[in-house]
Structure formats: structure tokens, C-alpha cells
Amino acid sequence: MAAWQEAHAAAPATRRLLVPDAFSNPEYVRHAPKVTLAVMICYPVMNLPDWPGIHTCVITCYFVALGTVGETMHKATLRFVGCLIGAGLGLGTILLLMPRMTDLGDLLLLLAPVTLLAAWIAQGSQRISYAGLQIGLAFYLVVLQGYGPTISMYTARDRTIGILFGNLVTFAIFTTFWPVRVANVVRTHLAAALEQLATLLGLDARSDGEISPAARSAGGVVFGHALAQARAVLVNDPFETREVRRAVGRRPIDAVLLEQVGRLFIPISAILDLRADPAWQNPPGPMRDAIWGHHWAVAGW
């Protein structure tokens, strides 16, 4: 159990520049043309009517395009909601407070609470942190447009329209061309966790009960890291549409199943401790055969 808990602390130390399948996974190659197509649609829409104020549609395509449909829609939602809040605060400032402001001190008093709110949200979990950045950025763009007080409200309108249009284009492309479902990515990480449990049991049977502490610790770290990745991806499942979930066509994977798999580590760790006990090194023949048979059956499953 200690090795599993250690996984969450050790996992960040294993980060590297490129993922192991950087040159073999076709999803990376498919991701590039999808983002390019989204940008090539937004760019003419921005330039043909000579409406540079909605340039955020092009930027949005880069920022919200992530690995799965659920992750993409999650970030697109945070970007749009954060923009609405920041732009709304900026419009309220222009209408209600800007006519009463006379010096730099008033401006600083205005920026302080909004900046505090945006920074507080930005320091939250990954589920909401991006919204905090958008609140601050949208508010600054609306209020700080020059060297003096502003009464222009077009920036808030154009920026919001640009983000909304960029979200719609990205959503249409990422759900139409090679959509990557959350369930498939979670299933991959879950399979890696189960394979690691099978490896631990296989080590136990092949080594006749002698397992080094380093091997067990490394196995627990890999198992915990794979399960943590599965949980991190699964939180974006509610952002996928019903049609995308139905297209998976397999048994659904939810948080309950991940918890059940996580609990498997406890009895397996206990079995390994029992096998490492010197009192169990030479059990009777039938008992030894039963233990090995059980280990191989669980590992094969």
C-alpha cells in the first residue's frame, strides 16, 4: 500500500520531453491537421468581413484543442465562461465606475479585487484554473485599452464572439474527424495498471517467492501512475456528447470501476508479503501448487 501511495509523489519526477509513443502513435499525426483545419476556417471568417476584433477565434483553436473530445470541450467551456465573466465585469466597470474614476489610485483600486478573484480561481485545480486566467485577461482587455479612461464596449463583444465561434469550429471538427473518446484513453491507462498487477504476480511466481523491494516499489509506482492518469482523463467524460459516448460501443468505465481496480493492489500486496515470509517458503506440495495456480490465474485475468 505504501508503494501505491508513493506513486503520486514519484510520478512527476518521471516526466520527460517526449512521451514514449511520440513517433508511433497515429493520434499525434491526426491532431495536427484537425487544428490546422480549424484555424484555416476561422482565419478567412475573421479577414473577409474585415473584423479583426474576433481574432480570438484563431487563438481559441490552438488553446482548446487537446487530446480527447472531453478535454477539448472542458477547456473550451472554461475559456468561454471565463471570458463572459471577465467581459461582464469590464462592461459593468465602464458603465458604472469609469465615469466616477479620476486618477490612477481609482484604477488600482478597481484592478485589485478583480485580479484577486482571477488569481484565486487560477490557483485552483485543473478543472477550473484556466477560467481564472480568462477572467483576468478579458477584464484587462476591456478596461485597459489605452492611457486614459475608455468607454468602448466593442472589445468585450468582439472577443466573446471570437471565442464562441472558435469553440464551435473546434467542436465540429474534433467530433467529426478522428474523434478521440475519453473512454478509450481511460481504458488504455486502466489496461496498463492491470498489466502491472499481472507483472507483480508473475514476478512472484517466477522468482519462487523472492521479490526485491526495489521491484515491488517500482511496480507500485507504475500502477499508481497509470491509475492516476486514468482518473485525470475520466473527469472530462461528462463534457462529451451522448453521440460520442454511444459511438464507443463498449462497456462503460466509471469512477467505481477505477476504485475497484485500485483496491486490487491491497490483496495483491498482502499476497506478496505472505510469499516473502520465510515461514511460507516451503509449504506442502498441494498448498504450493494451489498458490501458484491462483497467482497465474489472477495474473492471466
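With the working numbering applied, the sequence shown covers -19 to 281. Backbone N, C-alpha and C define an ideal beta-carbon position, used for all residues, glycine too.
Distance CB(residue 48)-CB(residue 160) smaller than 7 angstroms: yes
Selection from 211, 146, 59 and 256 that minimises the alpha carbon distance to residue 34: Of the candidates 211, 146, 59 and 256, the one whose C-alpha sits nearest the C-alpha of residue 34 is 146.
Residue of 126, 121, 39 and 148 minimising C-alpha distance to residue 135: 121
Rounded C-alpha distance that separates residue 54 from residue 113: C-alpha separation (whole angstroms): 15 angstroms.
Simplified DSSP state of residue 292, which is helix, strand or coil: No information on residue 292 is available, as it lies outside the stretch -19 to 281 that the chain covers here.
Residues near residue 111 by beta carbon distance below 7 angstroms, same chain, minus five either side: 58, 61, 62 and 101
Whole-number beta carbon distance between residue 181 and residue 246, since they are thought to touch under 8 angstroms: Residue 246 to residue 181, Cβ: 14 angstroms. No contact.
The region 195 to 205 contacting the region 158 to 177, beta-carbon criterion three pairs below 8 angstroms: yes
Assigned secondary structure, residue 276 (DSSP; H/G/I helix, E/B strand, else coil): helix
Every unbroken alpha helix (DSSP H) inside the region 49 to 96 [4 residues or more]: 49 to 72
N-terminal and C-terminal residue of the alpha helix (DSSP H) that residue 13 is part of: 6 to 27
Three-state secondary structure (DSSP) of residue 134: helix
Assigned secondary structure, residue 262 (DSSP; H/G/I helix, E/B strand, else coil): coil
Nearest candidate by alpha-carbon position, reference residue 238, set 95, 163 and 126: Among 95, 163 and 126, the Cα nearest to that of residue 238 belongs to 163.
Straight-line gap, residue 149 to residue 234 (C-alpha atoms, nearest Å): In a straight line, the C-alpha of residue 149 is about 29 angstroms away from that of residue 234.
For residue 169, the three-state DSSP class (helix, strand or coil): helix
Exposed unless 16 or more other CB atoms sit within 10 angstroms - verdict on residue 131: Exposed.
Separation of residue 118 from residue 17, as counted between CA atoms: 26 angstroms
Closest Cα partner of residue 43 within the set 19, 24 and 88: 19
Assigned secondary structure, residue 202 (DSSP; H/G/I helix, E/B strand, else coil): helix
Neighbour-count burial assignment, residue 166, 16 or more Cβ in a 10 Å radius: buried
Residue nearest to residue 127 in terms of C-alpha spacing, selected from 107, 84 and 23: Each of 107, 84 and 23 was checked against the Cα of residue 127, and the nearest Cα belongs to 84.
Beta-carbon proximity list for residue 262, same chain, < 7 angstroms, skipping 5 on both sides: none
Proximity of residue 45 and residue 15 at Cβ, strictly below 7 angstroms: yes
Residue 114 in three-state terms, based on DSSP: helix
Short Cβ contact (7 angstroms threshold) for residue 154 with residue 52: The criterion of a C-beta distance shorter than 7 angstroms is satisfied by residue 154 and residue 52.
Distance between beta carbons of residue 169 and residue 206, contact taken as under 8 angstroms: Sure, about 5 angstroms apart at Cβ, within 8 angstroms.
Contacting residues, own chain, Cβ-Cβ under 6 angstroms from residue 138 (five flanking each side not counted): 33 and 34
Distance CB(residue 98)-CB(residue 115) smaller than 7 angstroms: yes
Anticipated Cβ contact below 8 angstroms, residue 38 with residue 69, distance rounded: Not really, about 25 angstroms apart at Cβ, beyond 8 angstroms.
Minimum C-alpha distance to residue 212 - residue among 105, 255, 258 and 76: 105
Rounded straight-line distance, which links the Cα of residue 3 to that of residue 210: 22 angstroms
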